[in-house]
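In this note's numbering, the protein residues as written are 163 to 497. All remarks here apply to the structure that follows.
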């Protein structure tokens, strides 16, 4: 291993190798500490990929804190994230969490997951104005500065990353985040489609977003409208969402890939950027075997920015996964 490098420990937000020498460094991407839901959605070739050495990361010696760009107890955890429905089901299955349980009791939950009230988002925005450093996420332990739901954190929390010395590091991590975010959105919409007969998605579409919130959650009328016959059984609903992802097989994976291609086809068609060649690809059965492929320059720019927007996406899950494998090859050669 080159000097100054160590096996990439994505657990650095909770346990660093420096603190606990008994922790085995990840050998493959299947060893990383992310929610079971995301691991089940990721392509097996990604999970089987060997870990490569990257610059050491240490949240306890945060570069941003030393530069005065963030607070010691906050670091990069400066937003309160939403949670997709299947991930809510996963942490409920694990036994729950005090803050998340409180959010459900405050009526923050809807069929898509746990949402963030506008008043909470506004507080974060206000705290960043006039040179302010912001507010820490409500799920960060105020004493230790560590995430209390690290093993089931949503995709957006994995979109934050330190500044790596080579641009490929930043792009690779941005690619991983984009892949998780796209899988997350696809899985939520896929699950919601299975409840089409109950009108849950339709209720969300018709909701008056400007007049449905209190300071802490949905108002009672809007909340009752959103849940319909599921009102009072929300936790059971979320556990059911997780069950779709918990024991995913190749058939379900292929259905999800096809579903995302169908959604993408509709987006591109509506945007007027769908040519015959692209249509043919999106209407084809997706391959379950990946080949490394360099991403187009505009996609690399998105990865570098770390700001993946679902509605701006122009590529399939399979393509993003192929881009990820290409980055893996390139970085392996660097190290």
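We put the beta carbon where it would ideally sit given N, CA and C, even for glycine. These figures come from a predicted structure and were not determined experimentally.
The alpha-carbon of residue 359 is positioned some 24 Å away from that of residue 427.
Under the DSSP definition of a beta bridge, residue 272 partners with 275.
Here the alpha carbons of residue 459 and residue 231 stand approximately 30 Å from one another.
Within the DSSP bridge table, the entry for residue 380 names 375 as partners. When DSSP states are grouped into helix, strand and coil, residue 212 belongs to the strand group.
Beta-bridge analysis with DSSP links residue 302 to 309. In the three-state reduction of the DSSP assignment, residue 399 falls in the helix class.
Taking C-alpha positions only, residue 233 is separated from residue 330 by approximately 28 Å.
When only Cα atoms are considered, residue 319 and residue 275 end up about 16 Å apart. Residue 198 and residue 315 have their C-alpha atoms spaced approximately 11 Å apart. With contacts defined as CB atoms closer than 7 Å, residue 343 and residue 317 qualify as a contacting pair. For residue 269, the number of other beta carbons within 10 angstroms of its own is at least 16, and it is reported as buried. Residue 232 carries a coil assignment under DSSP once its states are collapsed to helix, strand and coil. Membership of residue 189 in any alpha helix (DSSP H) is not indicated, and neither H nor E is assigned to it by DSSP. Judged by beta-carbon spacing, residue 311 lies within the 7 Å limit of residue 259, meaning their Cβ atoms are closer than that value.
Distance between residue 406 and residue 415, taken at the CA atoms: about 11 Å. The straight-line gap separating the alpha-carbon atoms of residue 200 and residue 300 is approximately 22 Å. In terms of CA proximity to residue 249, 203 leads the group 287, 189 and 203.
Take the alpha-carbon of residue 494 and the one of residue 193: they are about 18 Å apart. The DSSP-derived three-state label of residue 246 is strand.
In the three-state scheme derived from DSSP, where H, G and I count as helix and E and B as strand, residue 241 is classed as coil. Here DSSP, grouped into helix, strand and coil, assigns residue 407 to helix.
Distance from the CA atom of residue 190 to the CA atom of residue 196, rounded to whole angstroms, is 13 Å. The DSSP-derived three-state label of residue 429 is helix. Residue 225 and residue 238 have their C-alpha atoms roughly 11 Å apart. Relative to residue 370, the option among 383, 377, 361 and 236 whose CA is nearest is 383. Under the three-state reduction of DSSP output, residue 463 falls in the helix class. In the three-state DSSP reduction, residue 393 falls in the coil class, being neither helix nor strand. The alpha-carbon separation between residue 411 and residue 450 amounts to approximately 12 Å. At a Cβ-Cβ threshold of 7 Å, residue 483 and residue 205 count as neighbours.
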